[in-house]
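Chemist: In the numbering used here, the protein residues as written are 3 to 105. Beta carbons: idealized from backbone N, C-alpha and C, even for Gly.
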Amino acid sequence: IASGILAINISWSVPQDRGIGSGKAYPISSYTIQLVNQQVVSTVTVFGNSTFAFVSSFNGASLIRGEKYYVQVLATNDMGSGVYSQTVDVTAVGQCVSPSPVV
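1) Ordered along the chain, which non-local residues of its own chain (more than five positions away) have a Cβ less than 7 Å from that of glycine 84?
2) To which residues of the same chain is asparagine 48 closer than 6 Å at the C-beta, ignoring the five residues directly before and after it?
3) Suppose contacts are defined by Cβ-Cβ distances below 7 Å. Is valine 90 in contact with valine 73 by that definition?
4) Please report the distance separating the alpha-carbon of leucine 37 from that of valine 92.
5) Taking the C-alpha atoms as reference points, what is the distance between glutamate 69 and valine 57?
What follows is the structure in C-alpha coordinates.
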(Lines of atoms letter the chains of each structure in order from A; the text may use other names.)
(Lines give C-alpha, C1' and ligand atoms only; values in the text may rest on other atoms or scores of the structure.)
Protein backbone atom coordinates (compact mmCIF):
# COMPACT_ATOMS: atom_id res chain seq x y z
CA ILE A 3 0.00 0.00 0.00
CA ALA A 4 1.34 3.40 -0.88
CA SER A 5 2.44 5.55 2.02
CA GLY A 6 -0.32 7.73 3.44
CA ILE A 7 -3.24 5.85 1.87
CA LEU A 8 -5.86 4.60 4.32
CA ALA A 9 -6.95 1.03 3.68
CA ILE A 10 -8.89 -1.76 5.30
CA ASN A 11 -7.27 -5.18 5.10
CA ILE A 12 -10.13 -7.69 4.87
CA SER A 13 -9.66 -11.45 5.04
CA TRP A 14 -12.12 -14.31 5.28
CA SER A 15 -12.38 -18.09 5.28
CA VAL A 16 -13.68 -20.16 2.38
CA PRO A 17 -17.30 -21.18 3.14
CA GLN A 18 -17.79 -24.81 4.12
CA ASP A 19 -20.88 -25.18 1.92
CA ARG A 20 -19.75 -24.46 -1.64
CA GLY A 21 -23.01 -25.32 -3.39
CA ILE A 22 -22.44 -29.03 -3.60
CA GLY A 23 -25.25 -30.39 -5.75
CA SER A 24 -25.58 -33.69 -7.60
CA GLY A 25 -22.33 -34.82 -5.98
CA LYS A 26 -20.35 -32.01 -7.65
CA ALA A 27 -18.53 -29.23 -5.83
CA TYR A 28 -18.69 -25.82 -7.49
CA PRO A 29 -15.63 -23.61 -7.01
CA ILE A 30 -16.01 -20.07 -5.77
CA SER A 31 -15.91 -17.70 -8.75
CA SER A 32 -15.96 -14.43 -6.79
CA TYR A 33 -16.49 -12.75 -3.46
CA THR A 34 -18.43 -9.53 -2.96
CA ILE A 35 -17.29 -7.25 -0.15
CA GLN A 36 -19.95 -4.87 1.11
CA LEU A 37 -18.97 -1.77 3.08
CA VAL A 38 -21.59 0.39 4.77
CA ASN A 39 -20.99 3.83 6.25
CA GLN A 40 -23.78 6.13 7.40
CA GLN A 41 -26.34 4.17 5.37
CA VAL A 42 -24.28 4.45 2.16
CA VAL A 43 -23.41 1.07 0.64
CA SER A 44 -20.34 0.38 -1.48
CA THR A 45 -19.38 -3.00 -2.94
CA VAL A 46 -16.12 -4.42 -4.23
CA THR A 47 -15.92 -7.69 -6.17
CA VAL A 48 -12.89 -9.97 -5.82
CA PHE A 49 -12.73 -12.51 -8.65
CA GLY A 50 -11.17 -15.94 -8.25
CA ASN A 51 -10.48 -17.77 -5.03
CA SER A 52 -8.53 -15.09 -3.17
CA THR A 53 -9.55 -14.76 0.49
CA PHE A 54 -8.26 -11.26 1.16
CA ALA A 55 -8.57 -7.73 -0.18
CA PHE A 56 -7.17 -4.28 0.51
CA VAL A 57 -9.94 -1.73 0.24
CA SER A 58 -8.72 1.85 -0.03
CA SER A 59 -11.81 3.62 -1.38
CA PHE A 60 -15.47 3.83 -0.45
CA ASN A 61 -18.12 4.65 -3.03
CA GLY A 62 -15.43 6.06 -5.33
CA ALA A 63 -13.79 8.23 -2.65
CA SER A 64 -10.93 7.68 -0.23
CA LEU A 65 -11.63 6.16 3.17
CA ILE A 66 -12.02 8.76 5.89
CA ARG A 67 -9.77 8.60 8.96
CA GLY A 68 -11.83 8.01 12.10
CA GLU A 69 -14.95 6.84 10.23
CA LYS A 70 -16.55 3.52 11.14
CA TYR A 71 -17.27 1.08 8.31
CA TYR A 72 -19.33 -2.11 8.49
CA VAL A 73 -17.99 -4.97 6.37
CA GLN A 74 -19.62 -8.20 5.10
CA VAL A 75 -18.47 -10.80 2.53
CA LEU A 76 -20.60 -12.88 0.14
CA ALA A 77 -19.38 -15.87 -1.94
CA THR A 78 -20.65 -16.67 -5.46
CA ASN A 79 -20.24 -19.78 -7.62
CA ASP A 80 -22.09 -21.46 -10.50
CA MET A 81 -24.97 -22.34 -8.15
CA GLY A 82 -25.51 -18.66 -7.26
CA SER A 83 -24.65 -16.42 -4.34
CA GLY A 84 -24.66 -17.40 -0.70
CA VAL A 85 -25.63 -15.13 2.16
CA TYR A 86 -23.53 -12.33 3.57
CA SER A 87 -21.22 -13.15 6.46
CA GLN A 88 -21.64 -11.66 9.89
CA THR A 89 -20.93 -7.94 9.94
CA VAL A 90 -17.60 -6.73 11.28
CA ASP A 91 -17.10 -3.06 12.09
CA VAL A 92 -13.77 -1.34 11.55
CA THR A 93 -12.59 2.23 12.00
CA ALA A 94 -10.07 3.76 9.62
CA VAL A 95 -7.45 5.07 12.06
CA GLY A 96 -4.08 4.64 10.34
CA GLN A 97 -2.49 3.52 7.13
CA CYS A 98 -3.92 0.02 7.31
CA VAL A 99 -6.68 -1.33 9.55
CA SER A 100 -6.91 -5.11 9.83
CA PRO A 101 -10.13 -6.46 11.40
CA SER A 102 -10.57 -9.99 12.67
CA PRO A 103 -11.15 -12.44 9.83
CA VAL A 104 -14.73 -12.58 8.56
CA VAL A 105 -16.09 -16.11 8.59
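Modeler: According to the data block:
1) As a first step, residue 84 must be located in the sequence shown, where it is residue number 82. Pro17, Leu76 and Ala77.
2) As a position in the sequence shown, residue 48 is number 46, starting the count at 1. First, the amino acid is wrong: residue 48 is valine here, not asparagine. The answer, listed in chain order, is Tyr33 and Ala55.
3) Counting from 1 along the sequence shown, the entry for residue 90 is found at position 88. Counting from 1 along the sequence shown, the entry for residue 73 is found at position 71. Yes, they are a contact pair.
4) As a working mapping, residue 37 is identified with position 35 in the sequence shown. As a working mapping, residue 92 is identified with position 90 in the sequence shown. One C-alpha to the other measures close to 10 Å.
5) Numbered from its first residue, the sequence shown carries residue 69 at position 67. Numbered from its first residue, the sequence shown carries residue 57 at position 55. So the two alpha carbons sit approximately 14 Å from each other.
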